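> Dropping the structure in here first, questions after.
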Amino acid sequence: MSDLQVNNGRQNHRLPDGLAVAAARAHVDYTAEMLTDVRKQTNSVSLVIPVRNEARNIAWVLEQITDDVDEIILVDGGSTDATLITACRARPDVRVVDQEGVGKGSALRTGFLAATGDIIVMMDADGSMLPQEIRHYLHFLSNGYDFVKGSRFIAGGGSLDITRLRRLGNRFLLAVFNSLYDSELTDLCYGFCAFHRRYLEHLDLAATGFEIEAEMTVQAVHSGLRIAEVPSLELPRRTGKSNLHVVRDGTRVLVTVLRGRRTGLSGRLAQALLNRNRAEAPVGPSIARRPA
Ligand SMILES: Nc1nc2c(ncn2[C@@H]2O[C@H](COP(=O)(O)OP(=O)(O)OP(=O)(O)O)[C@@H](O)[C@H]2O)c(=O)[nH]1
Ligand SMILES: [Mg+2]
8 MSDLQVNNGR
18 QNHRLPDGLA
28 VAAARAHVDY
38 TAEMLTDVRK
48 QTNSVSLVIP
58 VRNEARNIAW
68 VLEQITDDVD
78 EIILVDGGST
88 DATLITACRA
98 RPDVRVVDQE
108 GVGKGSALRT
118 GFLAATGDII
128 VMMDADGSML
138 PQEIRHYLHF
148 LSNGYDFVKG
158 SRFIAGGGSL
168 DITRLRRLGN
178 RFLLAVFNSL
188 YDSELTDLCY
198 GFCAFHRRYL
208 EHLDLAATGF
218 EIEAEMTVQA
228 VHSGLRIAEV
238 PSLELPRRTG
248 KSNLHVVRDG
258 TRVLVTVLRG
268 RRTGLSGRLA
278 QALLNRNRAE
288 APVGPSIARR
298 PA
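Terminal number for the sequence shown in the working numbering: 299, no gaps in between.
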């Protein structure tokens with residue numbers, strides 16, 4: 008049996024390995040076909056991928072990126088293996104930039120600044136995320152949402168990767184986040200998300216490590232961005248070792264969530280603004296204002 012739990016809205020069902028992956032892929036293909044390619048009307052898309060020593064995974068990732076993406080930016084954290092050679096061979100059009108500073112957060116911030124597209128998507132290089140899902144994120148961004156996060160824990164999402172300890176940690180951090188910010192999100196520490204580049208300044212990112220994912224969500228709430236969650240299937244990293252340390256990085260996420268609540272706009276106020284925006288403009292870009 009796999010760890011993938013398919014959530015039918017009320018309860019989770021464990022699925023056998025083969026069936027779980029096949030069902031998730033079929034779902035991705037089916038919904039991708041159903042979605043109209045609205046974003047092609049106006050928006051160009053930059054995909055930012057932080058990468059450090061992923062030579063054995065990166066080609067698999069790059070080869071699956073569809074033409075929804077106009078620009079691929081690999082942000083290299085000083086890889087010492089053949090990551091960059093492999094990447095350029097798989098996708099000669101890839102743009103490689105060296106990260107400023109250390110850590111995944113620094114890498115993403117470097118990549119966001121280098122991106123030229125109207126929409127920025129971020130995704131990992133270890134093969135744990137399906138590039139075919141990018142279309143789902145774009146669909147929401149083209150239909151009135153400002154910031155779209157993947158979620159492994161809503162109906163249609165799942166994880167074949169997460170350990171019991173990480174699941175517990177994620178649940179705890181999410182509970183803290185939801186209670187402090189009056190929100191009802193279902194996932195916090197997941198690195199697959201997308202947003203309109205015009206909001207980059209509003210996000211005002213400063214994180215250097217893995218806590219950047221939480222910081223982005225905190226700042227999106229503070230800025231009154233309209234947030235949507237889309238189901239995402241997390242696969243196991245294809246090969247190699249994780250760079251994440253549960254206690255160290257979990258603590259950094261907690262500090263980020265607590266610090267954001269103390270200094271920012273109150274969660275209630277942000278939510279009220281969000282609801283007002285939604286009522287006024289059910290479809291189309293919202294008016295996101297940076298808190299005074
Ligand atoms: N440029 C850069 N990329 C990094 C750095 N640390 C991690 N990454 C990349 O960020 C992505 C996520 O890192 P992972 O080690 O897979 O972390 P994770 O996905 O939280 O952990 P697992 O689920 O165990 O894989 C991968 O593409 C890494 O190569 C870094 O310091 N610099
Ligand atoms: Mg990973």
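Glycine included, every Cβ here is placed at the ideal spot set by N, Cα and C.
Please read these numbers as outputs of a predicted model, since none were measured by experiment.
#1: Going by other Cβ atoms of all chains shown within 10 Å of its Cβ, with 16 needed for buried, is Arg-259 buried or exposed?
#2: Measuring CB atoms only, is the segment 73-81 touching the segment 118-126, in the sense that at least three cross pairs come out at less than 8 Å?
#3: With burial defined as no fewer than 16 other Cβ atoms inside 10 Å of the residue's Cβ, what is the status of His-146: buried or exposed?
#4: With a floor of 3 residues, list each beta strand (DSSP E) that falls wholly inside the segment 213-255, ordered by position along the chain.
#5: Would you say Arg-63 touches ligand 2, meaning its beta carbon is less than 6 Å from a heavy atom?
#6: At 3 residues or longer, what runs of the beta strand (DSSP E) sit wholly inside the segment 162-222?
#7: Label Gly-85 either buried or exposed according to how many other C-beta atoms from any shown protein chain fall within 10 Å of its C-beta, with 16 as the threshold for buried.
#8: Which residues in the same chain as Ala-235 place their Cβ atom closer than 7 Å to its Cβ, once the five residues preceding and following it in sequence are excluded?
#9: Look up Ser-86 in the DSSP assignment and say whether it is helix, strand or coil.
#10: Measure the alpha-carbon distance for Asp-211 versus Gln-226 and round it to whole angstroms.
#11: For ligand 2, any of its heavy atoms closer than 6 Å to the Cβ of Arg-255?
#12: Taking the straight line between their C-alpha atoms, what separation do you get for Ile-219 and Tyr-197?
#13: Tyr-188 and Val-228: beta carbons closer than 7 Å?
#14: With a floor of 4 residues, list each alpha helix (DSSP H) that falls wholly inside the segment 93-166, ordered by position along the chain.
#15: Looking only at DSSP bridge pairs, what is Leu-53 linked to?
#16: Measure from the C-beta of Arg-266 to each C-beta in chain D and report whether the shortest distance is under 7 Å.
#17: Rounding to the nearest angstrom, what Cα-Cα distance links Leu-265 and Asp-88 in this structure?
#18: Can you grab the Cα-Cα spacing for the pair Thr-93 / Asp-83, in whole Å?
#19: Taking all protein chains shown into account, do 16 or more other C-beta atoms lie within 10 angstroms of the C-beta of Thr-49, making it buried, or fewer, making it exposed?
#20: Using the rule of at least 16 other Cβ atoms within 10 Å of the residue's Cβ for burial, across every protein chain shown, is Gln-71 buried or exposed?
#21: In the DSSP assignment, the alpha helix (DSSP H) including Glu-70 goes from what residue to what residue?
#22: Quick one: measure Cβ to Cβ for Leu-180 and Thr-224, integer angstroms, because I've assumed they're closer than 8 Å.
#23: Between Leu-240 and the rest of its own chain, which residues show a CB-CB distance below 7 Å, the 5 nearest in sequence each way excluded?
#24: Apart from the five residues just before and just after Ala-97, which ones in its own chain have a Cβ nearer than 8 Å to its Cβ?
#25: For Asp-133, count neighbouring C-beta atoms within 10 Å of its own C-beta (all shown protein chains included) and say buried if the count is 16 or more, exposed if not.
#26: Could you check the C-alpha separation between Lys-111 and Ala-213 for me, to the nearest Å?
#27: In the DSSP assignment, what residue or residues form a beta bridge with Val-262?
Taking the structure as given:
#1: Working through the sequence shown from its first residue, we reach residue 259 at position 252. With 16 or more Cβ atoms within 10 Å of its Cβ, Arg-259 is classed as buried.
#2: yes
#3: Position 139 of the sequence shown, counted from the first residue, corresponds to residue 146. Label assigned to His-146: buried.
#4: 234-238
#5: Within the sequence shown, the letter at position 56 stands for residue 63. Flag unset: Cβ of Arg-63 not near ligand 2.
#6: 200-203
#7: One-based indexing of the sequence shown puts residue 85 at position 78. Gly-85 is exposed by the Cβ-count criterion.
#8: Numbered from 1 along the sequence shown, position 228 holds the residue referred to as residue 235. Excluding sequence neighbours, Ala-235 sits near Phe-147, Tyr-152 and Val-155.
#9: Translated into the one-based positions of the sequence shown, residue 86 becomes position 79. If DSSP states are grouped into helix, strand and coil, Ser-86 belongs with coil.
#10: Against the sequence shown, residue 211 aligns to sequence position 204. Against the sequence shown, residue 226 aligns to sequence position 219. Rounded to whole angstroms, Asp-211 to Gln-226 spans 7 Å at the Cα level.
#11: Within the sequence shown, residue 255 is the residue found at index 248, counting from 1. Every heavy atom of ligand 2 is 6 Å or more from the Cβ of Arg-255, so no.
#12: Here residue 219 refers to the residue found at position 212 when the sequence shown is read from its first residue. Here residue 197 refers to the residue found at position 190 when the sequence shown is read from its first residue. Using only the alpha carbons, I get a separation of about 10 Å.
#13: By one-based count along the sequence shown, residue 188 stands at place 181. By one-based count along the sequence shown, residue 228 stands at place 221. Yes, these two residues count as a Cβ contact at 7 Å.
#14: 111-121 and 141-148
#15: For the purposes of this step, residue 53 is identified with residue 46 of the sequence shown, where counting begins at 1. The residue you asked about is not Leu; residue 53 is Ser in the sequence shown. In DSSP, Ser-53 forms a bridge with Glu-78 and Ile-127.
#16: Going by chain labels, chain D is absent from the structure shown, which holds only one protein chain.
#17: Taking the sequence shown and counting its residues from 1, one reaches residue 265 at position 258. Taking the sequence shown and counting its residues from 1, one reaches residue 88 at position 81. When rounded, the distance between both Cα atoms is 37 Å.
#18: Here residue 93 refers to the residue found at position 86 when the sequence shown is read from its first residue. Here residue 83 refers to the residue found at position 76 when the sequence shown is read from its first residue. Going from the Cα of Thr-93 to the Cα of Asp-83 covers about 13 Å.
#19: Within the sequence shown, numbered from 1, the residue matching residue 49 stands at position 42. Under this definition Thr-49 is an exposed residue.
#20: If you number the sequence shown from 1, residue 71 lands on position 64. The residue in question, Gln-71, is exposed, as its Cβ has fewer than 16 Cβ neighbours within 10 Å.
#21: Within the sequence shown, residue 70 is the residue found at index 63, counting from 1. Element bounds for Glu-70: 65-70.
#22: Here the question's residue 180 lines up with position 173 in the sequence shown. Here the question's residue 224 lines up with position 217 in the sequence shown. Between Thr-224 and Leu-180 the Cβ distance is about 11 Å, and since that is not below 8 Å, they are no contact.
#23: Counted from its first residue, the sequence shown places residue 240 at position 233. Correct list, in chain order: Ala-31, Leu-137, Gly-164 and Gly-165.
#24: The residue you call residue 97 lines up with position 90 of the sequence shown. Hits under 8 Å: Ile-65, Ala-66, Leu-69 and Glu-70.
#25: Mapped onto the sequence shown, residue 133 falls at position 126. By the neighbour-count rule (16 or more Cβ atoms within 10 Å), Asp-133 is buried.
#26: As a position in the sequence shown, residue 111 is number 104, starting the count at 1. As a position in the sequence shown, residue 213 is number 206, starting the count at 1. Distance between the alpha carbons of Lys-111 and Ala-213 is about 12 Å.
#27: Here residue 262 corresponds to residue number 255 of the sequence shown, with the count starting at 1. Per DSSP, none; premise fails for Val-262.
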